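S.K.:
In the numbering used here, the protein residues as written are 9 to 344.
Structure, rendered in C-alpha cells:
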C-alpha cells in the first residue's frame with residue numbers, strides 16, 4: 009500500500025467515476041460526483057502543508073485534519089443538502105480507495121456533516137389539474153406542427169399513473185410491458201439498479217396500446233419490437249433527456265397550467281402527484297415505497313405527512329370550528 013500514497017487524487021477521482029459508471033447513473037449524476045470531488049479536493053490541496061495545486065495533490069495528503077478543514081470551507085456558502093451530498097460522495101470515494109488498497113482507512117467518519125432534510129413533495133397544484141392536463145393533451149391541436157397526442161398522452165399517463173422517474177421512462181423498452189390483459193404491469197429499471205414492478209390498470213393499458221398502434225401507423229411494425237425503446241420522438245428515434253423534458257413542458261403550456269407546476273419540478277411533479285394521491289387515498293408508506301422504488305421508508309413517509317397536514321388545514325378551515333372557539337371563549341369569560 010505504501011507505494012500508492014503518492015498517487016494523484018485527480019487520477020483516482022477519474023478511476024472512481026469510471027467504476028461508478030458501471031452502475032449506469034445518469035450523466036447528470038456522474039457530473040455531480042465529479043463536481044463535488046474536485047471542489048473539495050481543490051480546498052484540500054490549499055489546506056495541505058505546504059499548500060499544493062490540485063494536479064499535484066497526492067492521496068496521502070487527504071488526512072482527517074485536512075478533510076475537516078476542506079469541508080468546513082466547502083460548507084460555509086452552501087445549503088445543508090449540498091454539503092450532505094458531497095460528504096456522501098467523498099465517503100463512497102474513500103470506500104473505493106480502501107477496497108482498492110490505495111489507502112488504509114476512510115477519514116470521513118471524522119468529518120462532520122449536516123443532516124440532510126428530506127425533500128418535500130412538489131405535486132401539481134389544483135385538485136383537478138392532472139385531469140385537465142390529460143384532457144388537453146389528448147386533443148389534437150392544429151397549432152402543432154406534427155401532433156402526436158397518443159404519444160404525449162402515454163408519457164404523461166405513465167408518470168401520473170405509474171410514478172416513473174425521467175430516467176426510468178427513458179430506459180423503458182416495448183417489452184417492459186408484460187402480463188395478460190387485466191393483469192398488466194411494467195418492469196422498471198429503478199434508481200441505483202433496483203428493479204421493481206408497477207401494476208398497470210386497464211385505463212393506462214388502453215392508453216399505451218393506443219400509442220403503440222399509432223406508432224405502427226407512423227413507422228411500421230418493426231419499430232415496436234420488444235427490445236425497442238418504448239418512448240420515441242417524432243422521427244421514431246428514442247427520446248432523450250432534453251427531448252422528454254421539452255415534451256412535458258410543452259404539454260404544460262398547451263394545457264395552460266404552467267402556474268400550477270412547482271418551480272424546479274418539471275416531470276418530477278407528475279411522479280409527486282402520483283405519490284400524493286396514493287397517500288390521500290389511504291396507501292401506506294410501505295406501499296408507496298414499493299411503487300416508487302424508494303430506498304428509504306422515510307422518503308415515502310413525507311407524502312403521508314404532507315397529506316396529513318393538508319387534511320388538518322381543511323379541518324381548520326371549517327367555519328364550525330370558529331363557532332366553537334366563540335362558545336369556548338364566552339364560557340371562559342362567564343367563569344371569570
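Quick reminder that beta carbons are idealized off the backbone N, C-alpha and C, glycines included.
Please read all numbers here as calculations on a predicted model, not as lab measurements.
If residue 233 sits next to residue 269, beta carbons under 8 Å apart, how far is it from one beta carbon to the other, in whole angstroms?
M.R.: Sequence index remark: in the chain shown, residue 233 carries index 225 (1-based). Sequence index remark: in the chain shown, residue 269 carries index 261 (1-based). Actually they do not touch by this definition, with Cβ atoms about 35 Å apart.
S.K.: Rounded to the nearest angstrom, what separates residue 217 and residue 224 at their Cα positions?
M.R.: Within the chain shown, numbered from 1, the residue matching residue 217 stands at position 209. Within the chain shown, numbered from 1, the residue matching residue 224 stands at position 216. If I take the Cα positions, the gap works out to 11 Å.
S.K.: Put residue 123 into one of helix, strand or coil per three-state DSSP.
M.R.: Residue 123 sits at position 115 when you count from the first residue of the chain shown. Looking at residue 123 - three-state DSSP - the assignment turns out to be coil, as it is neither helix nor strand.
S.K.: Could you tell me whether the Cβ atoms of residue 177 and residue 163 are closer together than 9 Å?
M.R.: Numbered from 1 along the chain shown, position 169 holds the residue referred to as residue 177. Numbered from 1 along the chain shown, position 155 holds the residue referred to as residue 163. It is a contact, given that the beta carbons lie within the stated cut-off.
S.K.: Just to confirm, is the Cβ distance from residue 51 to residue 24 under 9 Å?
M.R.: On the chain shown, residue 51 is found 43 positions in, with the first residue counted as 1. On the chain shown, residue 24 is found 16 positions in, with the first residue counted as 1. No. Outside cutoff.
S.K.: What does the alpha-carbon distance come out to for the pair residue 243 and residue 211?
M.R.: Against the chain shown, residue 243 aligns to sequence position 235. Against the chain shown, residue 211 aligns to sequence position 203. Distance between the alpha carbons of residue 243 and residue 211: 27 Å.
S.K.: Ignoring anything shorter than 3 residues or poking outside the region 128 to 195, list the beta strand (DSSP E) runs there in chain order.
M.R.: Taking only runs of at least 3 residues, no beta strand (DSSP E) segment lies wholly in the region 128 to 195.
S.K.: Hey, could you find the ends of the beta strand (DSSP E) residue 206 is sitting in?
M.R.: Reading the chain shown from its first residue, position 198 is the one you call residue 206. 203 to 207 is the span of the beta strand (DSSP E), which, as asked, contains residue 206.
S.K.: To the nearest angstrom, how far is it from the Cα of residue 300 to the Cα of residue 84?
M.R.: Position 292 of the chain shown, counted from the start, is the residue given in the question as residue 300. Position 76 of the chain shown, counted from the start, is the residue given in the question as residue 84. Cα to Cα, residue 300 sits roughly 34 Å from residue 84.
S.K.: What residue does the alpha helix (DSSP H) around residue 26 start on, and which one ends it?
M.R.: Sequence index remark: in the chain shown, residue 26 carries index 18 (1-based). Counting along the chain, the alpha helix (DSSP H) containing residue 26 begins and ends at 17 to 29.
S.K.: Check residue 256 in the structure and name its three-state DSSP category.
M.R.: By 1-based counting over the chain shown, the position of residue 256 is 248. Note: residue 256 maps to helix in three-state DSSP.
S.K.: Within the continuous alpha helix (DSSP H) that includes residue 218, where are the two ends?
M.R.: Position 210 of the chain shown, counted from the start, is the residue given in the question as residue 218. Counting along the chain, the alpha helix (DSSP H) containing residue 218 begins and ends at 210 to 227.
S.K.: So, is residue 31 buried or exposed, given that buried needs 16 or more other C-beta atoms within 10 angstroms?
M.R.: Here residue 31 refers to the residue found at position 23 of the chain shown. Classification for residue 31: exposed.
S.K.: How far does the alpha helix (DSSP H) with residue 296 in it extend, from its first residue to its last?
M.R.: Sequence index remark: in the chain shown, residue 296 carries index 288 (1-based). Looking at the DSSP string, the run of the alpha helix (DSSP H) that includes residue 296 is 293 to 300.
S.K.: Of all the options 198, 63, 214 and 166, which has the alpha carbon lying nearest to the alpha carbon of residue 189?
M.R.: In the chain shown, the residue the question calls residue 189 occupies position 181. With distances taken between Cα atoms, residue 189 lies closest to 214.
S.K.: For residue 97, which residues in the same chain have their Cβ closer than 7 Å to its Cβ, ignoring the five residues on either side in sequence?
M.R.: Along the chain shown, read from residue 1 onward, the residue named residue 97 stands at position 89. Once the five neighbours on either side are set aside, the close Cβ partners of residue 97 are 41, 44 and 45.
S.K.: Terminal residues of the continuous alpha helix (DSSP H) containing residue 35?
M.R.: Indexing the chain shown from 1 puts residue 35 at position 27. Where residue 35 is concerned, the enclosing alpha helix (DSSP H) stretches over 35 to 55.
S.K.: Suppose you measure from the CA of residue 134 to the CA of residue 222; what does that come to, to the nearest Å?
M.R.: Locating residue 134 in the chain shown gives position 126, counting from the first residue. Locating residue 222 in the chain shown gives position 214, counting from the first residue. Cα-Cα distance, rounded: 31 Å.
S.K.: Counting only runs of 4+ residues fully inside the region 238 to 285, write out the alpha helix (DSSP H) ranges in chain order.
M.R.: If we require 4 residues or more, the alpha helix (DSSP H) runs fully inside the region 238 to 285 come out as 249 to 263.
S.K.: In whole angstroms, what is the alpha-carbon distance linking residue 265 and residue 137?
M.R.: As a working mapping, residue 265 is identified with position 257 in the chain shown. As a working mapping, residue 137 is identified with position 129 in the chain shown. Approximately 7 Å, taken between the alpha carbons.
S.K.: Let me know the secondary structure DSSP gives residue 197 once reduced to three states.
M.R.: Translated into the one-based positions of the chain shown, residue 197 becomes position 189. In the structure shown, residue 197 sits in a strand (DSSP, three-state: E or B).
S.K.: Which residues mark the beginning and the end of the alpha helix (DSSP H) in which residue 99 is found?
M.R.: For the purposes of this step, residue 99 is taken as residue 91 along the chain shown, with counting starting at 1. Residues 88 to 107.
S.K.: Quick check: what's the CA-CA separation for residue 235 versus residue 258?
M.R.: Indexing the chain shown from 1 puts residue 235 at position 227. Indexing the chain shown from 1 puts residue 258 at position 250. Straight-line Cα distance between these residues: approximately 28 Å.
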